[in-house]
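Using our numbering, read the sequence shown as starting at 2 and increasing by one per residue. One structure below.
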Amino acid sequence: MTRRTLTIASLLCTMLTISFGQLLPNLGGQRAGISSLQFLKIGVGARGPALGEAMVAVADDPSCLYWNPAGLPLNRSNAVYVAHSEWFSGLKHDFAGAIYRVSADDILGLSLISLASDDMERTTETNPTGTGTYFRYNDLAIGVSYGRQMTSQFSFGTTIRYVEENLDVVKIRAVLFDLGTYYSMGIGSLRFAAVVSNFGSDVAPTGDLTLIDGSKVDSYQSFSPPTSFKIGVAFEPYQDDNHRITSSVQLNHPNDNAENLRLGLEYAWNGWFFARAGVKRTIGESLFGADRKSADDYSLGIGIFSSLGFTDASVDYSFTHFTELGGVHRISMGFTY
Numbered sequence: 002m003t004r005r006t007l008t009i010a011s012l013l014c015t016m017l018t019i020s021f022g023q024l025l026p027n028l029g030g031q032r033a034g035i036s037s038l039q040f041l042k043i044g045v046g047a048r049g050p051a052l053g054e055a056m057v058a059v060a061d062d063p064s065c066l067y068w069n070p071a072g073l074p075l076n077r078s079n080a081v082y083v084a085h086s087e088w089f090s091g092l093k094h095d096f097a098g099a100i101y102r103v104s105a106d107d108i109l110g111l112s113l114i115s116l117a118s119d120d121m122e123r124t125t126e127t128n129p130t131g132t133g134t135y136f137r138y139n140d141l142a143i144g145v146s147y148g149r150q151m152t153s154q155f156s157f158g159t160t161i162r163y164v165e166e167n168l169d170v171v172k173i174r175a176v177l178f179d180l181g182t183y184y185s186m187g188i189g190s191l192r193f194a195a196v197v198s199n200f201g202s203d204v205a206p207t208g209d210l211t212l213i214d215g216s217k218v219d220s221y222q223s224f225s226p227p228t229s230f231k232i233g234v235a236f237e238p239y240q241d242d243n244h245r246i247t248s249s250v251q252l253n254h255p256n257d258n259a260e261n262l263r264l265g266l267e268y269a270w271n272g273w274f275f276a277r278a279g280v281k282r283t284i285g286e287s288l289f290g291a292d293r294k295s296a297d298d299y300s301l302g303i304g305i306f307s308s309l310g311f312t313d314a315s316v317d318y319s320f321t322h323f324t325e326l327g328g329v330h331r332i333s334m335g336f337t338y
């Protein structure tokens, strides 16, 4: 990378990381808690969370089915991908995805997201220790994605996703859309991406709920899905035959919380070992101090890539620190064919 390219990329990165906190106010206080289907906001895989979820401009593996479907053309082979994390309160979060290259420019993808609990015993006001009957909480999202390489520098992608949330007899069903773009700017490795995720109409639960007095409830308030607009840039400030450093900066504008900034850094050694770190900061909070407005603040991770002859395999691990709840561990595996 030339000195001029590195200077331009560094200036752009600096402007994004510092100026956003001054130009954009924290508008999340009055928006918090106004959307449903919150499980769609849980990041998938291990690489993305390790990078602080600054992924829209660097998602070049099958996890792009969640982060940015415009990254599908960056996958040069058919692939499958699975990920698992032990979420809070005994919940299990899983993701599975597969991509298939239809032609040189067209790629299809299929993805599944699940968040589920074990059986939980029902309790009531009159039976606080349990009634002897059980129920489960589970969320499911099934997505079909399409990505196309429009030019050598520009690609786009879209996902249509069927979403279902179940809490005993109460259910929420919705059809949502993602739309993403990816643009290589032609200045060294600098690239720009933008995504609108979980776009759709307001949804309301359905189902008959029996209260303790025997009365039934079958009408509920509707809420919007957790729609979010994300823009990001990424580039390699240093790269040679053995080492590569990738930096990523992303601004998220959710409809149900404050704008937040994501910063990610990935070091690759000889193309097979990866070390990653990420930071999340709410707009208006100090970039280098404690973020009092965000549930999670920093993340770390490692990854290994190996060519096994019949397939290329990757294994990734990440740890995300939550200020009040502790930490979350994630693991993911990908295979090409």
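Ideal Cβ placement from N, Cα and C applies to all residues, glycine included.
Own chain, CB closer than 6 Å to residue i, minus 5 neighbours either side, in chain order
i, result
"residue 232", "195, 252"
"residue 371", "Summary: the structure shown does not reach residue 371, with the chain confined to residues 2 through 338, and so no result is reported for it."
"residue 269", "245, 275"
"residue 278", "266, 301"
"residue 114", "96, 142"
"residue 197", "180, 230"
"residue 330", "320"
"residue 117", "93, 139"
"residue 41", "199, 227"
Close-in-space but distant-in-sequence residues of the same chain around residue i (CB under 8 Å, 5 per side omitted)
i, result
"residue 122", "131, 132, 133, 134, 135"
"residue 256", "32, 35, 36, 225, 227, 228, 229"
"residue 328", "320, 321, 322"
"residue 312", "336, 337, 338"
"residue 78", "102, 313, 337, 338"
"residue 254", "229, 230, 231, 260"
"residue 124", "130, 131, 132"
Neighbour flag for residue i against chain C, beta carbons, 8 Å
i, result
"residue 35", "Of the chains in the structure shown, none is chain C; there is only one protein chain."
Per-residue burial, residue i [other beta carbons within 10 Å of its own, 16 or more giving buried]
i, result
"residue 104", "exposed"
"residue 126", "exposed"
"residue 247", "buried"
"residue 183", "buried"
"residue 228", "buried"
"residue 335", "buried"
"residue 296", "exposed"
"residue 206", "buried"
"residue 222", "exposed"
"residue 164", "buried"
"residue 258", "buried"
"residue 87", "exposed"
"residue 160", "buried"
"residue 219", "exposed"
"residue 309", "exposed"
"residue 176", "exposed"
"residue 241", "exposed"
"residue 44", "buried"
"residue 70", "buried"
"residue 307", "exposed"
Simplified DSSP assignment, three categories, for residue i
i, result
"residue 64", "coil"
"residue 7", "Residue placement at residue 7 cannot be trusted, given a pLDDT of 47 that sits under 50; what the coordinates show is reported in the next sentence. Looking at residue 7 - three-state DSSP - the assignment turns out to be helix."
"residue 50", "helix"
"residue 75", "helix"
"residue 223", "coil"
"residue 34", "coil"
"residue 281", "strand"
"residue 311", "coil"
"residue 206", "coil"
"residue 118", "coil"
"residue 251", "strand"
"residue 154", "coil"
"residue 93", "strand"
"residue 212", "coil"
"residue 294", "coil"
"residue 41", "helix"
"residue 238", "strand"
"residue 334", "strand"
Presumed contact (8 Å Cβ cut-off) between residue i and residue j, rounded CB distance
i, j, result
"residue 66", "residue 144", "6 Å"
"residue 260", "residue 284", "4 Å"
"residue 83", "residue 333", "7 Å"
"residue 213", "residue 38", "Not a contact, Cβ separation roughly 28 Å."
"residue 326", "residue 89", "6 Å"
C-beta contact flag for residue i and residue j at 8 Å
i, j, result
"residue 303", "residue 273", "no"
"residue 234", "residue 58", "yes"
"residue 47", "residue 250", "no"
"residue 98", "residue 64", "yes"
"residue 265", "residue 53", "yes"
"residue 100", "residue 80", "yes"
"residue 324", "residue 50", "no"
"residue 271", "residue 243", "yes"
"residue 236", "residue 189", "yes"
"residue 156", "residue 112", "no"
"residue 106", "residue 137", "no"
Cβ neighbours of residue i in the same chain (closer than 7 Å, five flanking residues each side left out)
i, result
"residue 154", "184, 185, 187"
"residue 170", "208, 209, 210"
"residue 151", "157"
"residue 91", "118, 119"
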